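There are 2 protein chains.
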Amino acid sequence: MAESTVKVLGTQASPFANRVLIALSVKSVDYEFIQEDMSNKSELLLKSNPVHKKIPVLIHGDKPISESLVIVQYIDETWTNAPSILPSDPHDRAVARFWAAYVDDKWLPLMSDLGKAQGEEAKAEVQEKLQHALVPLEEAFVKCSKEKAFFGGDNIGYIDIALGCILGWIKAIKIMLGVEIFDVTKTPGLVKWADRFLADKDVKDVILEPEKLVEILKLHLAKREAANAN
Amino acid sequence: MAESTVKVLGTQASPFANRVLIALSVKSVDYEFIQEDMSNKSELLLKSNPVHKKIPVLIHGDKPISESLVIVQYIDETWTNAPSILPSDPHDRAVARFWAAYVDDKWLPLMSDLGKAQGEEAKAEVQEKLQHALVPLEEAFVKCSKEKAFFGGDNIGYIDIALGCILGWIKAIKIMLGVEIFDVTKTPGLVKWADRFLADKDVKDVILEPEKLVEILKLHLAKREAANAN
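Order-wise, the sequence lines are chains X and G.
Residue numbering for the first sequence follows the numbering used here, starting at 1054 and increasing by one per position.
Residue numbering for the second sequence follows the numbering used here, starting at 1054 and increasing by one per position.
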C-alpha cells in the first residue's frame, strides 16, 4: 500500500498544502503535485473532498484523504520506515496534538483577523494578540525541543509542521504590512526556530519565497477587486 | 505507566468530559472523577490546563492532558491491551479523524447557534442546518459501520464517541425546545445508531438522563439571570 502512487491536490501558496508536502519530504515519498485553481475547482477535487471541497487532498492509490493535520498523521502512520513526525511516547504525542490544535483553533484564526483589520490601530491590536498568543508556543518550544533545534528535537516534527507552514506568509506580511509577528524581544526562541525551519532541507523547496507570496496575494486582490467592480 | 492513577477533571453534563469517561470505560480503566465548578475553577484545573483553563483534563500519574479528542487518542494509545477506539488501518484512522474533526468544526458549532437562536423562525433555520449537516455523517455511518452497529463496527469507536457524546443534550433539547435534530426521515441510520449508542454498556452510566440535563440547564440559566439582574 505504501508503494501506491501519491498525488497531492493543492496550491503552492497554501500553508495547509505545504504541511502535506513537507511531511512527504520528511518521509522521502515521491508524489505528483496537482496545482488547483481555487476559483475553478477541478472535478478531481470536488470528487475527492465532497464535504469541504477544500485543498489539500492527498490521494494515495485511489483513496483520498482531506484535512491537513489528518493527512500528516496518515503519512506518519503509513511510511513508518522513515523518520517519525509524531513522537513515539503517547504523552509526547498528546502534547504534539494539543499544540497543533492550538495553532489551528487559536493562532491561525488571528492571522485571518489580521487580513481583515482596517486601519493602523486595528492592525496593531491584532499584531499584539498574535504575539501574545505565541508566548505559550515559545514555552512549549522550550519544553518539547529539549534544547535541540526543533519542537520535534533534532528533526522537524508535528508541531514544527503545524506552525512552520505559515512562516512564508509571516515574512510576506512583514513586506506588505510592515507588521512583525515573531518578535525577538517576546519570543526569541521561536524567531531562531523560524529561521532554522525555513532553511531545513524538507522545507526550503516547499514554502515559496515571501516576494513570490506577495506577488500572488496582489494578483488575488486585483482579481477580487475587478470581480467586485463588475 | 498505564498503571498510574487516573483522574478526570470535568462536569457530568459536559459532552466533552463524557468523551473521556466513555473512552476510559471502553478500556476498563478505573479513574477518579473530579467534578469542577466552572464558575469557580479549581487550582488543579488552572494548573493542569493553563492555556485554555477548560475541562476535560485527564491527569495520568502526574501528567495532565487537555482537549477531549487528544485525550481519547491518548487513552487509545496508552491502554493497548483493551478494545481499540481508532481503527488499526491508517486510512480508516484518517477517515475516523476526518469525521471527528467534522463534528467539532462543523456540526457542534451549529448546536451552539441553536442555543443562541431567538424566536421560532431562527430556531427552525438552525434545526434545518443541523439536520442537513448530519446527512454526510449518515453516509459516513453506512461506509464505516459496514452494516454493523456502530461507526467503529461491532464496538463503539472514535466517531461514535465524538458524535455520540452530544446525544443526551439532543434529547434534552427536544424536551426544552421541541426541536428534533436526528430526524428519522432524513437520517434514519443515525436515529437507530443513537439509540444503540445510548444503551451501550460503556455509555449508559456516563451520559446523564435528558431530564437531569434539562434541570441542570434551567438552574444554570436561572443563575445567569440572577447574576445579570444584580
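Even for Gly, the Cβ is constructed at its ideal location relative to N, Cα and C.
None of the values given here were measured: they were computed from a predicted structure.
Subject >> N-terminal and C-terminal residue of the alpha helix (DSSP H) that His1185 (chain X) is part of >> reply: Glu1173 to Ser1198
**OP:** Would you list, in chain order, the members of the region 1134–1156 of chain X that have their beta-carbon closer than 7 Å to a beta-carbon of chain G?
**Re:** Pro1143, His1144, Arg1146, Ala1147, Arg1150, Phe1151, Ala1154 and Tyr1155
Subject >> Distance, Leu1274 (chain G) Cα to Met1091 (chain G) Cα >> reply: 14 Å
**OP:** Verify the CB distance criterion: does Lys1116 (chain G) have a CB-CB separation below 8 Å to chain X?
**Re:** yes
Original post:
In three-state terms, what does DSSP make of Phe1235 (chain X)?
Top reply: coil
**OP:** Can you tell me which of G:Thr1133, G:Arg1146, G:Asp1115 and G:Ile1128 puts its alpha carbon nearest to the alpha carbon of Asp1129 (chain X)?
**Re:** G:Arg1146
**OP:** Pick out whichever of G:Phe1235, G:Lys1199 and G:Pro1143 has its Cα sitting closest to the Cα of Val997 (chain X).
**Re:** Residue 997 (chain X) is absent from the model: chain X starts at 1054 and stops at 1283.
Original post:
When you compare only the Cα positions, how much space is there between Lys1159 (chain X) and Val1082 (chain X)?
Top reply: 31 Å
**OP:** Could you give the DSSP three-state label for Pro1162 (chain G): helix, strand or coil?
**Re:** helix
**OP:** Go ahead and pull the three-state DSSP assignment for Val1082 (chain X).
**Re:** coil
**OP:** May I have the straight-line CA-CA distance separating Pro1162 (chain G) from Leu1077 (chain G), to the nearest angstrom?
**Re:** 26 Å
**OP:** Please report how far the alpha carbon of Ala1135 (chain X) lies from the alpha carbon of Arg1249 (chain X), in whole angstroms.
**Re:** 21 Å
**OP:** Return the chain-ordered list of same chain residues with a C-beta closer than 6 Å to the C-beta of Gly1063 (chain G), the five sequence neighbours on each side being excluded.
**Re:** Ala1070, Ile1108 and Pro1109
Subject >> Interface residues of chain X facing Pro1189 (chain G) [CB-CB closer than 9 Å] >> reply: Pro1103 and Val1104
Original post:
Between which two residues does the alpha helix (DSSP H) carrying Leu1097 (chain G) extend?
Top reply: Glu1096 to Ser1101
Original post:
Which parts of the region 1109–1171 of chain X are runs of the beta strand (DSSP E), unbroken and 3 residues or longer, counting only runs that do not cross its ends?
Top reply: 1110–1113 and 1116–1119
Original post:
So Leu1061 (chain X) is in the alpha helix (DSSP H); what residue range does that whole segment cover?
Top reply: In the sequence under discussion, the amino acid at residue 1061 (chain X) is Val, which differs from the Leu named in the question. Where Val1061 (chain X) is concerned, there is no enclosing alpha helix (DSSP H), although the beta strand (DSSP E) it sits in stretches over Val1059 to Gly1063.
Subject >> CB contact below 8 Å: Tyr1127 (chain X) versus chain G >> reply: yes
Subject >> chain X contact residues for Glu1130 (chain G), given Cβ-Cβ distances below 9 Å >> reply: Pro1143, Arg1146 and Ala1147
Subject >> Among X:Pro1241, X:Ser1137, X:Lys1201 and X:Pro1068, the one whose alpha carbon lies nearest that of Leu1216 (chain X) >> reply: X:Pro1068
Original post:
According to the neighbour-count rule (16 or more other Cβ atoms, all chains shown, within 10 Å of its Cβ), is Asp1253 (chain G) buried or exposed?
Top reply: buried
Original post:
Thinking C-alpha only, which one of G:Cys1197, G:Gln1126 and G:Gln1180 is nearest Asp1079 (chain G)?
Top reply: The amino acid at residue 1079 (chain G) is misidentified as Asp; the sequence shows Val. Selected option, being the one with the closest Cα: G:Gln1126.
Subject >> Three-pair Cβ contact test at 8 Å for the region 1260–1277 of chain G versus the region 1237–1248 of chain G >> reply: no
Subject >> Residue from X:Glu1085, X:Glu1089, X:Val1148 and X:Val1179 with nearest C-alpha to Ile1226 (chain X) >> reply: X:Val1179
**OP:** Answer yes or no: does any C-beta atom of chain G fall closer than 8 Å to that of Val1195 (chain X)?
**Re:** no
**OP:** Go to Val1267 (chain G), then tell me how far its alpha helix (DSSP H) extends in each direction, as first and last residue.
**Re:** Pro1263 to Ala1282
Original post:
Which class does Gly1221 (chain X) belong to by DSSP, given the choice of helix, strand or coil?
Top reply: helix
**OP:** Taking Trp1132 (chain X) and Ile1212 (chain X) to be in contact with their CB atoms under 8 Å, please state how far apart those CB atoms are, rounded to whole angstroms.
**Re:** Contact doesn't hold; Cβ gap of about 19 Å is too wide.
Original post:
Opposite Asp1206 (chain G) in the DSSP bridges: which residues?
Top reply: In the sequence under discussion, the amino acid at residue 1206 (chain G) is Gly, which differs from the Asp named in the question. In DSSP, Gly1206 (chain G) forms a bridge with G:Phe1203.
Original post:
Can you give the Cα-Cα distance for Ser1137 (chain G) and Glu1278 (chain X), rounded to whole angstroms?
Top reply: 52 Å
**OP:** Per DSSP, which residues does Ile1087 (chain X) bridge with? Please list them.
**Re:** X:Leu1062
Original post:
Nearest chain X C-beta to Ser1121 (chain G) closer than 8 Å, yes or no?
Top reply: no
Original post:
Between which two residues does the alpha helix (DSSP H) harbouring Lys1245 (chain G) extend?
Top reply: Pro1241 to Ala1252
**OP:** Would you grab the beta carbon distance between Ile1075 (chain G) and Val1259 (chain G) for me? Rounded to a whole angstrom, and I think it's under 8 Å.
**Re:** 5 Å
Original post:
Which residues in the same chain have their Cβ closer than 6 Å to the Cβ of Leu1139 (chain G), if we skip the five residues on either side of it in sequence?
Top reply: Asp1129, Arg1146, Ala1149 and Tyr1211
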